[in-house]
Structures are given as C-alpha cells and as structure tokens.
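Okay, structure first, notes after.
2 protein chains.
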Amino acid sequence: MELWYWEEHTKGVRLGLKCTRTLYSGQSKFQKIDVLETLDYGRLLLLDGLVMLTSRDEFIYHEMMVHPACFVHRGAETALVIGGGDGGTVRELLRHDNLKRIVLCEIDPDVVEVSKRFFPEVASGLLEENSRVELLFQDGAGFVEENPGRFDLILIDSTDPVGPGEILFSEGFYSSCFRALRPGGVLAAQTESPFHHLDLMKGVKERLTASGFGLVRFYTAPVPTYPGGYWSWVFASKQGGQAEGRRLHPLRDVKIGPSDEMVLKGLRYYTPDIHHAAFRLPRFVLEALKR
Amino acid sequence: MELWYWEEHTKGVRLGLKCTRTLYSGQSKFQKIDVLETLDYGRLLLLDGLVMLTSRDEFIYHEMMVHPACFVHRGAETALVIGGGDGGTVRELLRHDNLKRIVLCEIDPDVVEVSKRFFPEVASGLLEENSRVELLFQDGAGFVEENPGRFDLILIDSTDPVGPGEILFSEGFYSSCFRALRPGGVLAAQTESPFHHLDLMKGVKERLTASGFGLVRFYTAPVPTYPGGYWSWVFASKQGGQAEGRRLHPLRDVKIGPSDEMVLKGLRYYTPDIHHAAFRLPRFVLEALKR
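Here you go:
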C-alpha cells in the first residue's frame with residue numbers, strides 16, 4: 005500500500021508527501037491533529053489536514069520567524085509568542101540570552117503535548133521546566149488585549165488566516181499587539197506565500213499601519229513544504245525606547261557581532277548576509293504591495 | 005473528469021498541477037513533448053514528462069538565468085545559449101542593447117516549434133527574423149568545442165542532468181565553455197534545487213574550478229513549480245578583458261545605472277537589490293559547498 009498525504013495549495017496545485025506510517029491521529033477541542041512519518045521530509049505535523057511543519061524544513065521557518073527581529077532588537081528582555089505550540093519559535097528565542105522571559109500563548113494544549121512527544125527536537129524548550137519560559141493555554145487575542153506595555157517582542161506564529169487563526173490577522177488584534185509592546189518594541193508575524201497570498205500581505209501591511217506601526221517591512225525565505233515553496237513574514241516596529249525614540253529598522257539597526265558567533269553556529273538557514281538578503285523583495289511583490 | 009499532472013520531485017515528494025486540457029502531445033527525435041493548460045499556472049511545457057516551464061512562473065527562472073550575468077559583464081557583445089529552446093533566455097538577453105549577436109544552440113527543433121506555437125510570449129525573440137539572433141539546431145557540447153574564443157557570455161539553460169542533458173554538467177563540457185569564452189567572459193548555468201541537489205551543486209563547483217574558472221559563485225531564487233520550489237544558478241568568470249585582467253565578480257562588478265531603467269521596468273522578479281540578495285546563500289548551502 006502506498007500512503008500519500010496531499011495538501012491542496014490552491015484548487016489547481018497540490019503537494020504530495022509519501023508517508024510510511026501514521027504516528028498519531030487525534031481530535032483536540034480545537035482541531036484535528038495528525039503526525040505522519042514521511043519518506044523524505046522526516047515527521048509531518050498536520051492541523052486540520054494542513055502542514056504545520058516537517059522535521060526536515062522547520063528550521064527555516066522557525067529561524068526566520070525569530071532571528072530577524074532578535075538581531076535588530078538587541079535590548080529585548082520579554083517576548084510573547086502567539087500560537088507556536090510546536091515549540092520551534094521558543095527554541096530559537098532561547099538562543100538569545102538577553103531574553104529573560106518568554107511567554108508562549110497557545111490555545112490548544114494538545115498541540116504542545118503532541119509536539120513534545122513526536123517532535124522533541126522542535127519542542128526542546130518546552131520539555132523541561134525552564135525559568136525563562138512561561139506556557140499559557142489561552143486565546144492569544146484575549147491575552148494580548150489584557151497585557152498592555154509588557155513585551156519587547158511579539159511573534160505571531162499562527163496558522164493560516166482561516167477558522168481560529170483568522171483573528172490573528174485582524175486590525176483589532178494588531179492594535180492590541182501595538183499596545184502590548186513596550187516602547188521600541190518589534191512585532192514579527194508569518195504572512196503566508198507571496199505566490200498565492202499577495203492580497204493578504206497587502207492587507208496585513210495596511211492593518212499594521214492603521215494599528216500604529218510606523219515601520220512595516222516584509223521578508224521572505226524558501227520553505228519547500230509550504231504553498232509555493234516560498235514564504236513571507238512581516239517585521240513591524242513601535243516608536244520609542246532605545247534609539248532616541250526612533251523605530252527600529254530591520255536593516256539599519258541590525259547588530260551582529262563577534263559575541264554572536266555561538267548563536268549563529270547553531271543555525272542552519274539564517275546568517276547576517278541572509279538577514280540583509282531576506283528583506284530585498286522581488287519586483288512583483290513590491291509592485292503588489294504598492295498598488 | 006479531473007486531469008492532474010504529477011511530477012515526482014523525489015521518491016517521496018510530488019507536485020500536482022490540475023490541468024484543464026492537453027494542447028499538444030508529440031514525440032520528437034529526442035524526447036516526448038507535451039503542452040497542457042493548467043488551472044492555476046497557465047500553460048505547462050513538459051519534456052519527457054518533466055516540467056520545463058509554466059507561463060505563470062517562467063519569468064523568475066529566465067530573468068535569473070540572464071540578468072545577473074548581463075548586469076555584471078556590461079561590455080558583452082556576443083552571447084551563446086545552450087539549450088533554452090523555449091526562447092525565454094533569448095527574450096531576456098534581447099533586453100540588453102550591448103549584445104549584438106545571440107546564438108541559440110538547441111538540439112531539438114521541435115522544442116522551438118512547439119514554444120513558438122504555444123508560448124509566443126516566451127519565444128517572442130524567435131517568432132520573427134532578428135539580425136541579432138542566430139538559431140542553430142545542434143548538439144551544444146559539440147558546438148562549444150568547435151568555437152574557441154568567440155563568446156562574452158555563455159548561458160547553459162539545460163534540462164536536468166539525466167539523459168541528454170547530463171553532458172552539460174561535465175568537466176569536459178565546462179572546459180570547452182572556458183575556451184569558447186573570450187577573455188573576461190562569464191558563464192551562467194542552472195544548477196538545480198538546493199534542497200534536493202546539493203551534491204550536484206558541489207560537483208559543478210569542483211568541475212568549473214578544475215576547468216579554469218577561478219571565480220565560481222552560486223545564486224538562488226524561488227521557482228514554485230520546480231522541485232523544492234527553490235532553484236540555483238552558478239556564475240563563473242574567466243580572467244582577462246576589461247578590468248585589468250581581473251575576473252568579473254558578481255557583486256563587486258555589477259553596474260546598474262539610470263540608463264537601465266527601461267530594462268528594469270520590463271522585469272517582474274529581478275531588481276538591483278535582488279541581484280545582491282540572490283548571491284547570499286543560506287548556511288546549510290554554504291556548509292554543503294564547503295565540505
């Protein structure tokens with residue numbers, strides 16, 4: 005028997021991953037959760053039938069979710085992760101010693117449990133008690149609203165903007181994030197595929213700007229198991245703090261020095277050069293964002 | 005009836021494109037040629053069942069095949085394209101007025117005929133007689149060997165390194181290319197996916213170096229319908245010519261000025277920023293090339 009997982013990227017495009025066995029299949033209070041062993045991409049985590057990560061290429065997504073913001077906001081002490089129950093974003097944040105407190109706000113405890121069991125190398129920061137990490141199982145939008153002025157970094161590691169993840173792309177949520185950031189804070193969020201979701205990216209830019217973020221920049225990287233094999237994130241910064249009230253700029257304010265060598269050595273995608281490259285967007289993306 | 009084209013990227017990864025109809029299916033002297041209309045990626049050209057291009061994303065491949073080399077070697081007058089019978093590479097070369105003579109050496113006349121008929125926007129430079137373009141139907145490796153010192157640019161727009169395309173990745177062929185280049189000349193070639201073919205890229209680097217090319221640099225871009233959604237090309241330069249005998253360097257010698265505005269305006273992927281970004285490689289690629 006041949007077992008294939010097919011993900012519909014659009015009505016006319018599908019990615020197929022050959023699977024050798026099903027490791028887990030369950031229904032949480034919020035979604036269906038499956039873990040499959042694939043032939044070529046290691047283990048595969050699905051939420052409601054959509055690829056969340058594979059153990060072979062998750063490093064790109066998680067490194068790019070975290071390090072562009074972290075190497076710009078060098079004074080950050082507190083970080084909030086919305087979603088990200090697999091733990092990959094927390095794992096990357098933990099590499100930065102300046103972060104004293106990392107709050108992971110994931111709505112679904114089962115995602116964390118399944119990740120700890122089947123993806124221990126991703127959930128490594130959640131396996132044991134860690135005084136720097138606080139794990140909350142609650143609605144991220146509600147939590148952000150109730151905690152103004154508390155975080156230097158907010159990382160929105162959400163699912164797609166359908167169903168429960170939709171609110172995490174809304175102007176109301178972004179406004180709460182803006183208030184939840186301390187002066188000089190930075191928000192980073194995954195913003196889908198430039199090949200399939202340019203309209204979404206444009207909407208994100210407009211809503212972040214309307215929410216008070218004066219500086220909004222997208223960056224991209226290849227992620228082979230995501231739609232189009234090409235993914236985007238947004239970097240948005242809030243006025244105030246460190247640099248004489250300026251907003252942090254993703255290219256002008258990035259600071260990477262000799263003391264960062266140990267952190268960089270642990271990474272497989274991100275480099276200081278990649279940081280600069282990732283923010284240079286193709287012309288068709290620039291044009292679409294301008295329109 | 006649902007018609008789907010499935011391409012096997014590896015034993016365990018497939019890309020599926022929904023097709024609405026078959027426009028052409030034939031067997032040339034060299035290979036099977038199919039043209040399908042897809043739901044989401046426009047028209048699809050297959051050679052021996054493998055994706056050569058789709059009309060929706062071919063611009064990325066062809067712009068990146070051509071412009072990095074052209075914006076570095078600004079004094080180029082003669083260019084040779086090996087393969088590339090669809091005409092996309094010639095179309096991009098024609099944007100550069102300094103190129104007085106462009107030779108397209110394609111082994112299979114049927115590929116050119118099918119492209120002219122079904123992909124006129126790709127084959128635009130081949131539709132009518134053009135004094136700058138010379139079309140040869142012959143084996144590229146043989147042609148290069150017989151024409152030493154004739155070209156400023158050689159662009160290897162080959163199929164995958166299996167079957168007839170294999171020789172175009174060999175050291176013997178690269179040595180012929182080195183000899184076919186004029187002093188200060190530049191070679192660019194497609195070198196497959198960094199996710200699936202790092203060993204091939206490493207071999208290309210070694211063989212180009214052994215063939216006399218003192219400067220060999222890879223660059224990348226996303227191409228959604230190619231394996232891994234992420235593609236690579238190599239830039240290699242030959243000593244001599246313009247810059248006091250130096251080899252042209254893809255970042256130090258790139259020259260883009262106000263007079264290039266018209267060319268840049270016609271492009272959809274490449275920009276001067278993308279030029280610099282594309283040569284910055286992810287850490288896992290750098291490490292693999294070093295090993």
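Quick note, the sequences are listed as chains A and B, same order.
Residue numbering for the first sequence is 5 to 295, as defined by my numbering.
Residue numbering for the second sequence is 5 to 295, as defined by my numbering.
For each residue, glycine too, the CB sits at the ideal point set by N, CA and C.
- Boundaries cannot be given for LYS15(A), as no beta strand (DSSP E) includes it and DSSP labels it neither H nor E.
- Each residue's CA atom was taken as its position, placing ARG105(A) and ILE158(A) some 12 Å apart.
- Counted as a single uninterrupted DSSP element, the alpha helix (DSSP H) harbouring THR213(B) occupies residues 202-214.
- Note on geometry: alpha-carbon atoms of LEU255(A) and ASP264(B) lie some 26 Å from one another.
- It is roughly 28 Å from the alpha-carbon of THR58(A) to the alpha-carbon of LYS209(A).
- Distance from the CA of TRP235(B) to the CA of ALA225(B), rounded to the nearest whole angstrom, comes to 5 Å.
- Sixteen is the threshold: when 16 or more other Cβ atoms of the shown chains lie within 10 Å of the Cβ of VAL258(A), as they do, the residue is buried.
- Look at THR26(B): its C-beta is not under 8 Å from any C-beta on chain A.
- Chain-order list of chain B residues neighbouring THR275(A): ARG284, LEU285, PRO286, ARG287 and LEU290, by C-beta distance under 9 Å.
- Shown here, ARG256(A) sits in coil according to DSSP, grouped into three states, outside any helix or strand.
- Here LEU191(B) has ILE158, CYS181 and ALA240 as same chain residues with Cβ atoms under 6 Å from its own Cβ, once five neighbours each way along the sequence are excluded.
- Closer than 8 Å to the CB of LEU21(A) there is at least one CB belonging to chain B.
- In this structure, the straight-line span from the alpha carbon of LEU268(A) to that of VAL289(B) is close to 15 Å.
- Straight-line spacing of the CA atoms in GLY88(B) and GLU110(B) works out to 7 Å.
- With a threshold of 16 other beta carbon atoms within 10 Å, PRO286(A) meets it and is buried.
- Residues of the segment 43-57 of chain B that bring their beta carbon within less than 9 Å of a beta carbon in chain A comprise LEU43, ASP44 and TYR45, in sequence order.
- Legend: CB atoms of the segment 258-272 of chain B lying less than 7 Å from CB atoms of chain A belong to residues LEU271 and ARG272.
- Taking the C-beta atoms as reference points, THR93(B) is found no nearer than 8 Å to HIS71(B).
- Contact between VAL17(B) and LEU48(A) does not hold, since their C-beta atoms are separated by about 11 Å, which reaches or exceeds 8 Å.
- The Cβ atoms of LEU140(A) and PHE147(A) lie closer than 8 Å to each other.
- Here DSSP, grouped into helix, strand and coil, assigns GLY144(A) to helix.
- With a threshold of 8 Å between beta carbons, HIS280(B) makes contact with chain A.
- Membership of TYR65(B) in the alpha helix (DSSP H) is indicated by the continuous run 62-74.
- Of the candidates LEU19(B), GLU41(B) and PHE34(B), GLU41(B) places its Cα closest to the Cα of TYR28(B).
- The closest CA to that of GLY91(B), considering only GLY153(B), LEU43(B) and ASP161(B), is found on ASP161(B).
- For PHE34(B), the secondary structure class from DSSP, reduced to helix, strand or coil, is coil.
- In the DSSP assignment, TYR178(B) falls within the unbroken alpha helix (DSSP H) covering 175-184.
- For THR163(B), the three-state secondary structure derived from DSSP is coil.
- Of all residues in the segment 179-209 of chain B, only PHE199 place a beta-carbon less than 7 Å from a beta-carbon of chain A.
- Identification of chain A residues near VAL17(B) by a Cβ-Cβ cut-off of 9 Å yields LEU19, GLY20, LEU21, LYS22, THR42, LEU43, ASP44, TYR45, PRO228 and THR229, ordered along the chain.
- Listed by position along chain B, the residues whose Cβ is nearer than 8 Å to that of TYR234(A) are PRO226, PRO228, GLY233 and TYR234.
- Secondary structure note for PRO226(A): its beta strand (DSSP E) is the uninterrupted segment 219-226.
- The alpha-carbon separation between LYS242(B) and GLY218(B) amounts to approximately 7 Å.
- Taking a Cβ-Cβ threshold of 9 Å, none of the residues of chain A is close to THR93(B); the smallest such distance is about 19 Å.
- Apart from sequence neighbours up to five positions away, the residues of its chain that approach MET205(B) with a beta-carbon distance below 8 Å are THR195, GLU196, PRO198, PHE222, SER236, VAL238, VAL289, ALA292 and LEU293, ordered along the chain.
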